[in-house]
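Letter 56 of the sequence shown, counting from 1, is numbered 235 in my numbering, and no numbers are missing. Below is one structure, written out as structure tokens, with a few remarks after it.
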Amino acid sequence: EYGVSACILGVKKDIDVAVSPATSTDEVLTKLDSLIGPVPALHSASNFLAVTLMNINATWHPTITYGQYRDWDLHTPFRKAPLFYEGVDDWTAKKLQDVSDELQQVRATLCKAYPYIDLSIVRPVCDWMKRSYAQDIVDTSSLRSMLNTNKGYQGLLHPMVPYKEGSDLLLPNFSYRYMTEDVPFGMLVNKGIAELAGVPTPTMDEILVWCQRRCNKTYLEKQPDSSYRIALESNDLQHTRCPQKFGWTDLDSFIKAYNY
């Protein structure tokens, strides 16, 4: 029953938590532990920058949506909703790995420039999967197999809407949170941090450009060299959480302002 009960498909083994102010970390983790119990185990993350870059939904949801519908003609309806994680193919898994690699490059660049910042929780996606769902994954041989065989992901479908009133046919729901939250408050944030750090993100750019077209937004704009950068003059930027929305265009100022 909606709002009364829930079906728990799987439980993460470990979760990293950032608390502000950091002096309240022990108190907050103790309270959270009393609410949710011993599983998942809660671990203190040193800062919000780390948990932002390790926001797994910012990688999963836009990329898998792009992978599923990359060749769709925008018109033909579906007879049933495609499987979300179990439907990930090799092409999509490669894109997910490429996004992860770009985030690892951002991590390495930040750690080199600011060696005192602890970004140890910003893990490659395969490591994150094994740490979070070790007991639930049947096949850990590849990223695709982990997504396809994670018991915690079984049966989850792409969000859809009716093709027409009274019709059994379906269309993708690009107004669902996978696009309206995990793009402007997720992947775009990481793109913005990467841009401040001077790290190219061609895969994230490819995904974000596709997503902004599906959502009728302008988050990135093409440059003369065919790369993409945050669209600083776009009104759509005001409805995001990327650092450029708040006026940050210099990495050093950004890092120092938030005491990372």
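The beta carbon of each residue, even a glycine, is placed where N, CA and C say it ideally should be.
Check                                                                                                                                                                : Outcome
If you follow the alpha helix (DSSP H) that isoleucine 386 is in, where does it begin and where does it stop?                                                        : 381-393
Can alanine 260 and leucine 349 be called in contact, C-beta distance under 8 Å?                                                                                     : yes
When the Cα atoms are used, what is the spatial distance from phenylalanine 425 to leucine 275?                                                                      : 28 Å
According to DSSP, simplified to helix, strand and coil, what is lysine 401?                                                                                         : strand
Taking 8 Å as the threshold, find out whether the region 298-314 comes into contact with the region 350-357 through three or more Cβ pairs.                          : no
Which residue or residues does DSSP assign as beta-bridge partners of arginine 408?                                                                                  : Glu400
Could you please give me the residues that DSSP links to phenylalanine 257 through a beta bridge?                                                                    : Leu349
Can you tell which of Leu214, Ser225 and Ile215 has its C-alpha closest to the C-alpha of serine 203?                                                                : Ser225
When DSSP builds the beta bridges, which residues end up paired with alanine 220?                                                                                    : Asp193
What separation, rounded to the nearest whole angstrom, lies between the Cα atoms of methionine 366 and arginine 286?                                                : 15 Å
Let me check one thing: in DSSP terms, what residues is valine 304 bridge-paired to?                                                                                 : None; valine 304 has no bridge partner.
Cα separation between aspartate 431 and leucine 289?                                                                                                                 : 10 Å
Mind checking isoleucine 386: buried by the 16 CB within 10 Å criterion, or exposed?                                                                                 : buried
Could you tell me the boundaries of the beta strand (DSSP E) in which methionine 339 lies?                                                                           : 339-341
Could you please give the first and the last residue of the uninterrupted alpha helix (DSSP H) stretch that includes phenylalanine 227?                              : 227-232
Beta-carbon separation of threonine 242 and methionine 358 under 8 Å?                                                                                                : no
Report the residue ranges of all alpha helix (DSSP H) runs contained in full by the region 309-334; include only those spanning at least 4 residues, in chain order. : 322-328
Helix, strand or coil for leucine 298? Go by DSSP, reduced to three states.                                                                                          : coil
Taking the beta carbon of tryptophan 270 as the centre, do at least 16 other beta carbons fall within 10 Å, making it buried, or is it exposed?                      : exposed
Indicate, with yes or no, if the ligand SAM has a heavy atom lying under 7 Å from the CB of glutamate 412.                                                           : This structure lacks the ligand SAM; in fact it carries no ligand of any kind.
Taking asparagine 369 as part of the alpha helix (DSSP H), name the residues at either end of that continuous run.                                                   : 367-376
Is leucine 262 helix, strand or coil by DSSP?                                                                                                                        : strand
Near glycine 382, what residues of its chain come up, given a Cβ to Cβ distance below 7 Å and the 5 sequence neighbours on each side ignored?                        : Correcting the residue identity first, residue 382 is threonine in this sequence and not glycine. Answer for threonine 382: Lys274, Asp277, Val278 and Glu281, listed in chain order.
Near serine 346, what residues of its chain come up, given a Cβ to Cβ distance below 8 Å and the 5 sequence neighbours on each side ignored?                         : Pro256
Starting from isoleucine 243 and walking both ways along the alpha helix (DSSP H), at which residues does that stretch end?                                          : 235-248
At which residues does the alpha helix (DSSP H) containing leucine 416 begin and terminate?                                                                          : First-last for leucine 416: undefined, no H or E at that position.
Measure how close the beta-carbons of arginine 408 and glutamine 402 come, nearest whole angstrom, since I'm counting them as under 8 Å.                             : 6 Å
Return the bridge partner residues of leucine 188 from the DSSP annotation.                                                                                          : Partner(s): none; leucine 188 has no beta bridge.
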